[in-house]
Ligand code: PEP
Ligand code: MG
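Numbering (the numbering used here), first residue to last: 151 to 705.
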């Protein structure tokens, strides 16, 4: 709810706190041009020159950024990946494309944005209708090019999230998975989002980055402007835009106190075991997705890596990464966690995550369709490449392999068999531990049969909540039903823990990092949690101050 919305005046916004912490920074209002309706306006003949100049300038700017990106990607992933950007650049030099832009502008007398949309939409369709598969795939490159040009016409330089200045408060309607790939902890100090339920990508990303996040603020993008100073309190769910001197003073005082408390907790987290008041030891691991995250996890005293999400790596690639590239990425990311348990999740795509090079077909109910292990079973090459990569990594690290979105026994059996077969082929005798993600009610109610085929279980409470409460985690209209600490969810967790017997079970959804829920979680009997790296000290501290009341506790 907002109180005022006049530029440069102090405004206090009250939303929902989705990632704790205090932050001060400058707002960057992020608008994805492909998501918004671009203006269509008719121009008169005298304006043709002006619009043509805008198109030419956008083409120049995009060509320059493509060259820079190609160099960067070549350093990171090799020449083959860089070629995609070079091919896009060549397309912008193609006389027939340039002529067509000019022709449409002169014939239709519409603004530059609409000219770009019209020409590139037709071009993409032409490629997608081709019988040759390689050429069909070029349709996505053309969409990407169109997006870059539209961003450039809007004065936003693609991909703007990649190059944010230090101390940025990212202000967005919502963030999509492909956007999140470009954010960096070094520049983003906080996230303010119009739509961000507790398990939405914006919230999840903010927690992973260890930055405060406030969500659920209507008309946010109309209220906050790029360059506004923002003070954000992620625990309270408030943001002050353009604070006056009193608000700034109050903020500095709270920041001092929080800082001191954090330093003490971080020290304890690194050096002491995590034991409840009644003597139960709990392990607190970290959820990560990059080398930066792994390093932060180790700095904050994580006992291991409970969930390595691999989707960002696959989503940021322009082509299907080979097993070698995937293994290199993992090995490069894991160094600082060498002696720890590391659970790597196989690619969990489908639904809202769809790498462009896979061309997964559209589905009527994507979240109830081919997702996670279902995609892996449908594309055996994809499964094999990942298993080869993780087996390679297992020669050097103590890893577990997590199967995402399990619903049936055959989901785990197929992966287990394939893992064994490939290990024999690769001459690996010591198989990595195999784990099933428990994130559907069907899986939670099938522990006796699932545990026969795996070494450990990991409860994903984000999806378990979505599927149990029948409320989409990204759907702002049903946030009130997405209750991840609902008694039904806690009962399911308790059931999984009880039925798992000697099979280790961990909880890695966002619920595990909710300080207010820790006492209730411990009562389910769970003894292993995996949370965003930055939350590890807080979660350990909360455990030390709670009782588990569980059978077997010392007092
Ligand atoms: C979950 O569903 O709780 C989980 C950890 O997986 P993700 O959030 O990546 O879907
Ligand atoms: Mg999940």
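We put the beta carbon where it would ideally sit given N, CA and C, even for glycine. Bear in mind that the values here come from a model prediction, so they are computed numbers and not experimental data.
Same chain only: Cβ atoms within 6 Å of residue i, ignoring 5 sequence neighbours per side
| i | result |
| --- | --- |
| residue 675 | 647, 700 |
| residue 205 | 251, 262 |
| residue 235 | 216, 219, 220 |
| residue 694 | none |
| residue 208 | 299, 302, 303 |
| residue 614 | 589 |
| residue 292 | 270, 273, 274 |
| residue 659 | 610, 611, 612 |
| residue 171 | 362, 384 |
| residue 656 | 456, 608, 678, 680 |
| residue 248 | none |
| residue 491 | 454, 548 |
| residue 535 | 473 |
Through-space distance from residue j to residue i, alpha-carbon basis
| i | j | result |
| --- | --- | --- |
| residue 308 | residue 212 | Low confidence applies to residue 308: its pLDDT is 48, below 50, so where it sits in the model is not reliable enough to give any reading. |
| residue 398 | residue 685 | 26 Å |
| residue 713 | residue 484 | Nothing about residue 713 can be read from this structure; the chain reaches only from 151 to 705. |
| residue 390 | residue 315 | 20 Å |
| residue 159 | residue 690 | 40 Å |
| residue 175 | residue 380 | 5 Å |
| residue 202 | residue 279 | 29 Å |
| residue 653 | residue 607 | 7 Å |
| residue 611 | residue 635 | 9 Å |
| residue 169 | residue 366 | 13 Å |
| residue 544 | residue 430 | 31 Å |
| residue 692 | residue 626 | 30 Å |
| residue 296 | residue 358 | 31 Å |
| residue 502 | residue 516 | 7 Å |
| residue 619 | residue 518 | 14 Å |
| residue 411 | residue 521 | 41 Å |
| residue 276 | residue 337 | 40 Å |
| residue 345 | residue 323 | 6 Å |
| residue 382 | residue 433 | 31 Å |
| residue 343 | residue 321 | 6 Å |
| residue 238 | residue 444 | 34 Å |
| residue 527 | residue 645 | 28 Å |
| residue 664 | residue 192 | 52 Å |
| residue 256 | residue 246 | 15 Å |
Residue i Cβ short of 7 Å to the ligand PEP heavy atom set
| i | result |
| --- | --- |
| residue 457 | yes |
| residue 451 | no |
| residue 366 | no |
| residue 519 | no |
| residue 363 | no |
| residue 293 | no |
| residue 500 | no |
| residue 354 | yes |
| residue 659 | yes |
Proximal residues to residue i (C-beta, below 7 Å), its chain only, five neighbours per side dropped
| i | result |
| --- | --- |
| residue 254 | 265, 268, 269 |
| residue 387 | 164, 165, 166, 167, 364 |
| residue 376 | 177, 178, 179 |
| residue 419 | 450, 451, 686, 687, 690 |
| residue 482 | 441 |
| residue 622 | 517, 616, 628 |
| residue 488 | 547 |
Own chain, CB closer than 8 Å to residue i, minus 5 neighbours either side, in chain order
| i | result |
| --- | --- |
| residue 697 | 426, 427, 428, 669, 672, 703 |
| residue 651 | 601 |
| residue 585 | 493, 550, 551, 552, 553, 604, 605, 606, 607, 608 |
| residue 593 | 556, 557, 586, 587, 600 |
Whose CB is closer than 5 Å to a heavy atom of the ligand MG? List the residues in chain order.
Those residues are 589, 610, 613, given in chain order.
Count the C-beta pairs between the region 599-607 and the region 548-563 that are closer than 8 Å, then say yes if the count reaches three, no if not.
In short, these stretches touch, since the Cβ pair count reaches three.
Would you call the region 451-463 and the region 494-509 touching, i.e. three or more CB-CB distances under 8 Å?
Yes, the region 451-463 touches the region 494-509.
May I ask you to verify whether the region 564-572 touches the region 503-511, counting CB pairs closer than 8 Å and requiring at least 3?
The region 564-572, when compared against the region 503-511, does not touch it at the 8 Å Cβ threshold.
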